Amino acid sequence: MLNTTLQTCHQCEKTHLETALDDYLDKNTSKCNSCRVYSAIIRFWINFLRAGFKVERTRVSKLFADPYSRRAVKSIVGGFIDYGVTRPLQVRAPLLIVWNFTYKCNLNCRHCYSDSTMIPRKELSTQEALAIVDQIADFGVTSLAFSGGEPLMRKDFFEVAAHAAQSGLYVSLATNGTLLSRETVKKLKKLGLNYVEISLDGANPKTHDAFRGQTGAFAQAITGLKNCIEQDVCTCLAVTATRSNLTEIPAVFELADQLGVDRFTLFNFVPTGRGKEILTLDPSPEEREEVLGLLYKKLTAHSRMAILTTAPQLARVALQSSSCAVEDHFMPLAHMEAAKLGKQGRALADFIGGCGAGRFYCALSPEGNVQPCVFLPITVGNLKGDTFGSIWAKSPVFEALRDRRNLRGRCGKCQFKFVCGGCRARAYAYFNDYLKSDPGCIKRTTEGD
Numbered sequence: 004m005l006n007t008t009l010q011t012c013h014q015c016e017k018t019h020l021e022t023a024l025d026d027y028l029d030k031n032t033s034k035c036n037s038c039r040v041y042s043a044i045i046r047f048w049i050n051f052l053r054a055g056f057k058v059e060r061t062r063v064s065k066l067f068a069d070p071y072s073r074r075a076v077k078s079i080v081g082g083f084i085d086y087g088v089t090r091p092l093q094v095r096a097p098l099l100i101v102w103n104f105t106y107k108c109n110l111n112c113r114h115c116y117s118d119s120t121m122i123p124r125k126e127l128s129t130q131e132a133l134a135i136v137d138q139i140a141d142f143g144v145t146s147l148a149f150s151g152g153e154p155l156m157r158k159d160f161f162e163v164a165a166h167a168a169q170s171g172l173y174v175s176l177a178t179n180g181t182l183l184s185r186e187t188v189k190k191l192k193k194l195g196l197n198y199v200e201i202s203l204d205g206a207n208p209k210t211h212d213a214f215r216g217q218t219g220a221f222a223q224a225i226t227g228l229k230n231c232i233e234q235d236v237c238t239c240l241a242v243t244a245t246r247s248n249l250t251e252i253p254a255v256f257e258l259a260d261q262l263g264v265d266r267f268t269l270f271n272f273v274p275t276g277r278g279k280e281i282l283t284l285d286p287s288p289e290e291r292e293e294v295l296g297l298l299y300k301k302l303t304a305h306s307r308m309a310i311l312t313t314a315p316q317l318a319r320v321a322l323q324s325s326s327c328a329v330e331d332h333f334m335p336l337a338h339m340e341a342a343k344l345g346k347q348g349r350a351l352a353d354f355i356g357g358c359g360a361g362r363f364y365c366a367l368s369p370e371g372n373v374q375p376c377v378f379l380p381i382t383v384g385n386l387k388g389d390t391f392g393s394i395w396a397k398s399p400v401f402e403a404l405r406d407r408r409n410l411r412g413r414c415g416k417c418q419f420k421f422v423c424g425g426c427r428a429r430a431y432a433y434f435n436d437y438l439k440s441d442p443g444c445i446k447r448t449t450e451g452d
């Protein structure tokens with residue numbers, strides 16, 4: 004039945020699933036009896052699940068009206084077909100690919116995972132980059148985030164990003180913000196960019212500029228944020244938690260709120276790239292737990308901003324912090340923002356699954372290498388010689404990451420392994436083994452490995 008939902012009806016010229024979602028939105032596009040039957044069946048299951056998890060119809064309708072959400076739904080259904088119902092869930096095509104588009108960067112950040120500088124290194128040509136966009140769009144990827152280095156340092160960024168947007172991908176940009184002039188932001192909006200993420204490493208110029216290696220970087224980043232907000236571009240302020248800025252994170256959050264950004268992201272520190280040189284700045288498990296507790300408090304206080312983190316332990320913190328008697332519950336959705344669910348929504352926790360490396364998400368390097376995560380520098384293929392589809396489906400590394408029964412140490416024994424799974428990049432950075440325990444988790448400290 005699931006296979007049939009993704010088949011294209013020659014009469015309606017859409018898949019049965021697309022027609023069913025249109026019908027759910029009362030667009031009434033069914034032209035044949037077969038599609039009407041499938042629409043009725045799919046509508047029943049949507050309403051059954053919506054009622055069970057106590058999600059308002061307006062939220063579901065908004066989700067299905069969004070073209071990028073539809074790509075994600077199609078990938079999730081494809082995952083059920085290909086892999087069955089697994090804990091955590093697997094998808095047919097990644098919901099997100101982060102592409103380190105270049106090694107070039109105009110700053111010298113102490114925690115840079117790609118060790119980016121202005122020294123030239125071999126990268127993909129424009130034509131190779133455009134071909135990669137075609138590959139991942141055709142495969143059904145939902146979202147493509149350009150990162151780096153500083154993506155805006157490549158002269159062909161606008162051409163490649165525009166092609167990605169025209170190919171139906173949700174396109175975002177992770178940047179240090181120093182190059183976001185008004186004209187540049189207008190150009191980004193015109194090409195169809197959906198989202199901009201700008202990093203700050205502190206609540207004041209002294210902390211940020213020292214970490215970024217350039218005086219004036221803080222002021223430029225704030226100007227870039229304001230230019231994006233002025234142009235009504237969805238904007239995120241991101242901060243990487245280290246011992247050099249832990250005490251400033253509440254103030255960074257308040258700064259983001261005052262500026263009017265749409266999202267706030269806390270990045271987990273991973274000692275890879277230049278980050279290996281500042282290992283002593285890695286927060287202790289107790290310090291990390293305190294910061295995650297702060298984030299959860301902000302979530303439950305109904306913050307105006309969406310709150311995200313790359314630390315998968317937030318899902319465990321959420322479950323431990325909330326009472327079973329509480330009707331509404333905030334659940335972090337892997338590499339996406341947290342959502343408010345009814346208490347029945349707790350059943351989803353094991354299936355959402357925390358760390359999404361190689362499962363919901365993967366990364367590309369400037370030379371076209373495929374990796375599980377930007378912080379996990381293991382090459383599993385190269386798109387100049389391999390197809391993305393074959394790498395995604397057949398990589399032994401990805402297969403190992405998708406099955407939480409493979410985890411070792413405390414993460415393998417933890418009752419929250421399906422909810423969280425620990426950060427696989429941190430395990431690799433510390434132990435050269437992506438299946439070992441995440442050394443930054445409070446449970447590893449209090450309960451042993």
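All letters in the sequence shown, in the order written, are residues 4 to 452 by the working numbering. We put the CB at the ideal spot given by N, CA and C, even for glycine. Quick caveat: nothing in here was measured; it's all calculated off a predicted structure.
Roughly how many angstroms lie between the CA atoms of F378 and C38, to the nearest whole one? 44 Å
Note down, in chain order, each residue of its chain lying with its Cβ closer than 8 Å to the Cβ of T11, except the 5 sequence neighbours on either side. K17 and T18
Given 8 Å as the limit, tell me if F104 has its C-beta closer than that to any heavy atom belonging to the ligand GDP. No copy of the ligand GDP occurs in the structure displayed, which carries no ligand at all.
Check whether the segment 73-82 and the segment 112-126 touch, using three or more Cβ-Cβ pairs below 8 Å as the test. no
Return the first residue and the last residue of the alpha helix (DSSP H) that T162 is part of. Per the sequence shown, residue 162 should be read as Glu rather than Thr. It spans F160 to Q169 - the alpha helix (DSSP H) in which E162 sits, taken as one unbroken run.
Report yes if the C-beta distance between T89 and F391 is below 9 Å; otherwise report no. no
Using the Cα positions of Q14 and F256, report the straight-line distance between them to the nearest angstrom. 52 Å
Ranges of the beta strand (DSSP E) found wholly within the segment 71-143, counting only runs of at least 3: 99-103
N-terminal and C-terminal residue of the alpha helix (DSSP H) that C231 is part of: A220 to E233
Identify whether G296 lies in helix, strand or coil by the three-state DSSP scheme. helix
Would you kindly work out how many angstroms separate the C-alpha atoms of R185 and R408, rounded to a whole number? 50 Å
State the beta-bridge partners of C365 as determined by DSSP. I100
Cutoff 8 Å; reference C108; Cβ partners in own chain excluding five residues on either side: C115, S119, T120, M121, G151, G152, E153, M156 and N179
Count the C-beta pairs between the segment 208-222 and the segment 186-199 that are closer than 8 Å, then say yes if the count reaches three, no if not. no
Between the alpha carbons of D260 and R266, how many angstroms are there, rounded? 9 Å
Excluding the 5 residues preceding and the 5 following T8 in the sequence, name in chain order all residues of the same chain whose CB lies nearer than 6 Å to its CB. H19 and L20
Pairwise C-alpha distance: N6 and L240: 40 Å
At which residue ranges does the segment 242-292 contain complete alpha helix (DSSP H) runs of 4 or more residues, listed in the order of the chain? 252-262
Compute the beta-carbon to beta-carbon distance between S42 and T22, rounded to the nearest angstrom, for a pair I have assumed lies under 8 Å. 6 Å
Going by DSSP in three states, I45 sits in which element: helix, strand or coil? helix
Go through its chain and collect everything with a Cβ distance to G216's Cβ below 8 Å, but skip five positions before and after it. L110, N111, C112 and R113
Taking 8 Å as the limit between beta carbons, can you name the residues of its chain near G81, skipping five residues before and five after? L9, V94, R95, A96 and G143
Let me check understanding here. Comparing Cα to Cα, which of N103, K30, A134 and C444 lies closest to L386? A134
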